[in-house]
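**Student:**
Protein chains: 2
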Amino acid sequence: MAIDGLDGRLITLLDAEPRIGVLEASRRLGVARGTVQARLDRLRAGGVIRGFGPQVDPAALGYPVTAFATLEIRQGQGADVRAHLAGVPEVLELHTTTGEGDMLCRLVARSNADLQRVIDRVVGFEGIVRASTTIALENPVPLRIIPLVEQAAQES
Amino acid sequence: MAIDGLDGRLITLLDAEPRIGVLEASRRLGVARGTVQARLDRLRAGGVIRGFGPQVDPAALGYPVTAFATLEIRQGQGADVRAHLAGVPEVLELHTTTGEGDMLCRLVARSNADLQRVIDRVVGFEGIVRASTTIALENPVPLRIIPLVEQAAQES
DNA sequence: GCTCCGGCTGGACATCCTGTCCAGTGAAAT
DNA sequence: ATTTCACTGGACAGGATGTCCAGCCGGAGC
Chain Y
1 MAIDGLDGRL
11 ITLLDAEPRI
21 GVLEASRRLG
31 VARGTVQARL
41 DRLRAGGVIR
51 GFGPQVDPAA
61 LGYPVTAFAT
71 LEIRQGQGAD
81 VRAHLAGVPE
91 VLELHTTTGE
101 GDMLCRLVAR
111 SNADLQRVID
121 RVVGFEGIVR
131 ASTTIALENP
141 VPLRIIPLVE
151 QAAQES
Chain P
1001 MAIDGLDGRL
1011 ITLLDAEPRI
1021 GVLEASRRLG
1031 VARGTVQARL
1041 DRLRAGGVIR
1051 GFGPQVDPAA
1061 LGYPVTAFAT
1071 LEIRQGQGAD
1081 VRAHLAGVPE
1091 VLELHTTTGE
1101 GDMLCRLVAR
1111 SNADLQRVID
1121 RVVGFEGIVR
1131 ASTTIALENP
1141 VPLRIIPLVE
1151 QAAQES
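Which chain is which? The protein sequence lines are Y and P, in order. Using this note's numbering, the letters of the first sequence map in sequence onto residues 1 to 156. Using this note's numbering, the letters of the second sequence map in sequence onto residues 1001 to 1156.
1) Along the segment 1064-1084 of chain P, what residues have a CB closer than 8 Å to any CB found in chain Y?
2) Could you check whether the Cβ of residue 52 (chain Y) sits closer than 8 Å to any Cβ belonging to chain P?
3) Compare the C-beta of residue 28 (chain Y) against all C-beta atoms of chain P and say whether one is closer than 8 Å.
4) Is the shortest distance between the beta-carbon of residue 1126 (chain P) and the beta-carbons of chain Y less than 8 Å?
5) Considering only the alpha carbon of each residue, which of P:1132, P:1154, P:1072, P:1007 lies closest to residue 1036 (chain P)?
6) Just checking, does the segment 61-68 of chain Y make contact with the segment 1117-1130 of chain P on the three C-beta pairs under 8 Å criterion?
7) Grab the span of the beta strand (DSSP E) containing residue 106 (chain Y) for me, first residue to last.
8) Any beta-carbon of chain Y closer than 8 Å to the one on residue 1061 (chain P)?
9) So residue 136 (chain Y) is in the beta strand (DSSP E); what residue range does that whole segment cover?
10) Looking at the structure shown, is residue 32 (chain Y) part of a helix, part of a strand, or coil, going by DSSP?
11) How about residue 3 (chain Y) and residue 152 (chain Y): do their beta carbons lie closer than 8 Å?
12) What ranges does the beta strand (DSSP E) occupy inside the segment 1033-1059 of chain P, keeping only unbroken runs of at least 3 residues that lie completely in it?
13) Spatial neighbours of residue 1015 (chain P) within its chain, please: C-beta separation below 7 Å, excluding the five flanking residues on both sides.
14) Please check the pair residue 104 (chain Y) and residue 97 (chain Y), which I expect to be a contact at CB under 8 Å, by giving their CB distance rounded to whole angstroms.
15) For residue 90 (chain Y), would you say it is in contact with chain P, using Cβ-to-Cβ distances shorter than 8 Å as the test?
16) Measuring CB to CB, does residue 33 (chain Y) end up less than 8 Å from residue 13 (chain Y)?
17) Would you report the Cα separation of residue 18 (chain Y) and residue 93 (chain Y), rounded to the nearest angstrom?
18) Under the assumption that residue 1058 (chain P) contacts residue 1091 (chain P) (Cβ atoms under 8 Å), give the Cβ distance between them as a whole number of angstroms.
19) Could you check the C-alpha separation between residue 1133 (chain P) and residue 1139 (chain P) for me, to the nearest Å?
20) For residue 119 (chain Y), go through chain P and note every residue whose CB falls closer than 7 Å to its CB, in chain order.
21) Is the beta carbon of residue 1073 (chain P) less than 8 Å from the beta carbon of residue 1128 (chain P)?
22) Candidates P:1022, P:1005, P:1130: which alpha carbon is nearest residue 986 (chain P)'s?
23) Could you tell me which chain P residues have their CB closer than 9 Å to the CB of residue 139 (chain Y), listed as they occur along the chain?
24) Look at the Cβ atom of residue 149 (chain Y), then the Cβ atom of residue 1061 (chain P), and state whether they are nearer than 8 Å.
25) For residue 25 (chain Y), is the classification buried or exposed, using 16 other Cβ atoms within 10 angstroms of its Cβ as the cut-off for buried?
26) Quick check on residue 1014 (chain P): does DSSP put it in helix, strand or coil?
27) Could you tell me which of Y:100, Y:130, Y:135, Y:101 sits nearest to residue 115 (chain Y), measuring between CA atoms?
28) Quick check on this structure: which residue in P:1088, P:1047, P:1043 has the alpha carbon closest to the alpha carbon of residue 144 (chain Y)?
29) Mapping DSSP to helix, strand and coil, what is residue 1003 (chain P)?
30) I need the straight-line Cα distance from residue 1045 (chain P) to residue 54 (chain Y), nearest angstrom please.
31) Of the choices Y:106, Y:156, Y:130, whose alpha-carbon is the least far from that of residue 157 (chain Y)?
32) Determine the burial state of residue 102 (chain Y): buried for a count of at least 16 other Cβ atoms within 10 Å of its Cβ, exposed for fewer.
33) What does residue 1094 (chain P) pair with, by DSSP beta-bridge criteria?
Given below as structure tokens:
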């Protein structure tokens, strides 16, 4: 779905100050409240804004260690492996990929030592042939979307 | 920060239905409104809930292709590379890592063909020695946090 | 065993926001 | 020129919010 400059400014504003409501947003953007409401409805209907769920920080929950694991799967075991990984709370994300491995997953753990336990649990499944793990040290660019939103907004 | 069962249920509820307010949440959880408000304040103060920003779907914005790039950096060029990557809108996330590469970044692109342009832009920087890219095909486990929240809540 | 304290309850209050209408205006497309 | 569409500015009732408060309870510490 294409978005214009106003959509972009709205998303950016909501990202910076999620607590403000439709009315306050309309004041900041200099448009009528109905306009903001219509834009929001359109963005939600178009799937651009999926929701406003709470952004939970795993580190604050006691899981400060993040790691990425590349998994190699035995042929035909894909579905089983997915189900297995979906059952591990420390697996925050899973992708199937091209290239060397077959899957890439994001893990968190309570400590480097605890990461071993998590990895054991992840790879302790017959369908997984091999796993290669790298620990994330710093996070210079945290998951973000605003720059992309602005680029998409300008291309309108 | 430790969370208890009520915190866990509250986060899960907010994740499932972000539009409900404090009052409705208190009704669903069977506690007083003040309790929910106090819990929410505590979770935000403790950093567990970082905010309620809009969850934007890159695919809906016209960037349906996701890829992960492992970068090898020339010694001492880390800071420059970070700044460079932070300036590329299609770079959604960047980590420094242990292991084979020095950095891992998440990219999006408008198409497989467009991914080439993004990669060229990413690696078109002197500090980057080598890059290895894998395309994400499926996403069996989208970025999630609830299972981890529930585990953290049970350990209380 | 007793007291203190923190967390929860249930209620109050004024203020503000929300969802949902509507008619009028302007600009762009046909 | 006419239609169409988005935006404006306003209205309305209903409800939520932020912020108090007194009272109650159970656990921790003395």
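Idealized CB from N, CA, C, for every residue including glycine. The structure displayed is predicted, hence computed values, not measured ones.
**Tutor:** In terms of the structure at hand:
1) Residues passing the 8 Å Cβ filter: 1066, 1068, 1082.
2) Against the first sequence, residue 52 (chain Y) aligns to sequence position 52. Residue 52 (chain Y) counts as touching chain P.
3) As a first step, residue 28 (chain Y) must be located in the first sequence, where it is residue number 28. No - not a single Cβ of chain P is within 8 Å of the one on residue 28 (chain Y).
4) By 1-based counting over the second sequence, the position of residue 1126 (chain P) is 126. Contacts with chain Y at 8 Å (Cβ-Cβ) do not include residue 1126 (chain P).
5) Start at 1 with the first residue of the second sequence, and residue 1036 (chain P) comes out as number 36. Relative to the Cα of residue 1036 (chain P), the nearest Cα in the group P:1132, P:1154, P:1072, P:1007 belongs to P:1007.
6) Segment contact: the segment 61-68 of chain Y against the segment 1117-1130 of chain P, fewer than three CB-CB distances shorter than 8 Å; contact not assigned.
7) Indexing the first sequence from 1 puts residue 106 (chain Y) at position 106. In the DSSP assignment, residue 106 (chain Y) falls within the beta strand (DSSP E) that extends over 103-109.
8) Along the second sequence, one-based indexing puts residue 1061 (chain P) at 61. By this cut-off, residue 1061 (chain P) is an interface position.
9) Residue 136 (chain Y) sits at position 136 when you count from the first residue of the first sequence. Per DSSP, residue 136 (chain Y) belongs to the beta strand (DSSP E) from 128-136.
10) Walking along the first sequence from the start, residue 32 (chain Y) turns up at place 32. In this structure, residue 32 (chain Y) counts as coil in the three-state DSSP scheme.
11) By 1-based counting over the first sequence, the position of residue 3 (chain Y) is 3. By 1-based counting over the first sequence, the position of residue 152 (chain Y) is 152. Yes, these two residues count as a Cβ contact at 8 Å.
12) You should have 1049-1051.
13) Here residue 1015 (chain P) refers to the residue found at position 15 of the second sequence. Cβ neighbours of residue 1015 (chain P) within its own chain (closer than 7 Å, five residues either side excluded): 1146.
14) One-based indexing of the first sequence puts residue 104 (chain Y) at position 104. One-based indexing of the first sequence puts residue 97 (chain Y) at position 97. The C-beta distance from residue 104 (chain Y) to residue 97 (chain Y) rounds to 5 Å, short enough to meet the 8 Å contact threshold.
15) Along the first sequence, one-based indexing puts residue 90 (chain Y) at 90. Judged by the 8 Å Cβ criterion, residue 90 (chain Y) is in contact with chain P.
16) Taking the first sequence and counting its residues from 1, the one referred to as residue 33 (chain Y) is at position 33. Taking the first sequence and counting its residues from 1, the one referred to as residue 13 (chain Y) is at position 13. It is not a contact, given that the beta carbons lie outside the stated cut-off.
17) Numbered from 1 along the first sequence, position 18 holds the residue referred to as residue 18 (chain Y). Numbered from 1 along the first sequence, position 93 holds the residue referred to as residue 93 (chain Y). A direct Cα-Cα distance of roughly 24 Å separates residue 18 (chain Y) from residue 93 (chain Y).
18) As a working mapping, residue 1058 (chain P) is identified with position 58 in the second sequence. As a working mapping, residue 1091 (chain P) is identified with position 91 in the second sequence. The C-beta distance from residue 1058 (chain P) to residue 1091 (chain P) rounds to 12 Å, too long to meet the 8 Å contact threshold.
19) Sequence index remark: in the second sequence, residue 1133 (chain P) carries index 133 (1-based). Sequence index remark: in the second sequence, residue 1139 (chain P) carries index 139 (1-based). Looking at the two C-alpha atoms, the distance is approximately 17 Å.
20) Here residue 119 (chain Y) refers to the residue found at position 119 of the first sequence. By Cβ distance, chain P contributes nothing, its closest Cβ being about 13 Å from residue 119 (chain Y), past 7 Å.
21) Working through the second sequence from its first residue, we reach residue 1073 (chain P) at position 73. Working through the second sequence from its first residue, we reach residue 1128 (chain P) at position 128. Closer than 8 Å, so yes.
22) Shown here, chain P extends from 1001 to 1156; a query on residue 986 (chain P) therefore has no answer.
23) Taking the first residue of the first sequence as 1, we reach residue 139 (chain Y) at position 139. One finds 1093, 1094, 1095, 1096 in chain P with Cβ atoms closer than 9 Å to the Cβ of residue 139 (chain Y), taken in chain order.
24) Translated into positions along the first sequence, residue 149 (chain Y) becomes position 149. Translated into positions along the second sequence, residue 1061 (chain P) becomes position 61. Yes, Cβ-Cβ distance for residue 149 (chain Y) and residue 1061 (chain P) is below 8 Å.
25) Here residue 25 (chain Y) refers to the residue found at position 25 when the first sequence is read from its first residue. Buried is the call here.
26) Sequence index remark: in the second sequence, residue 1014 (chain P) carries index 14 (1-based). When secondary structure is reduced to three states using DSSP, residue 1014 (chain P) falls in the helix class.
27) Taking the first residue of the first sequence as position 1, residue 115 (chain Y) is located at position 115. From the listed residues Y:100, Y:130, Y:135, Y:101, the smallest Cα separation to residue 115 (chain Y) is found for Y:135.
28) Within the first sequence, numbered from 1, the residue matching residue 144 (chain Y) stands at position 144. Measuring from the Cα of residue 144 (chain Y), the nearest candidate turns out to be P:1088.
29) Position 3 of the second sequence, counted from the first residue, corresponds to residue 1003 (chain P). Secondary structure of residue 1003 (chain P) (DSSP, three-state): coil.
30) To locate residue 1045 (chain P), count along the second sequence from 1; it is residue 45. To locate residue 54 (chain Y), count along the first sequence from 1; it is residue 54. Spanning the two alpha carbons is a distance of roughly 14 Å.
31) Beyond the ends of chain Y as shown, which are 1 and 156, falls residue 157 (chain Y); an answer cannot be given.
32) Numbered from 1 along the first sequence, position 102 holds the residue referred to as residue 102 (chain Y). That one is buried.
33) On the second sequence, position 94 is the one that residue 1094 (chain P) refers to. Partner residues in the beta bridge of residue 1094 (chain P), as assigned by DSSP, are Y:141, P:1105.
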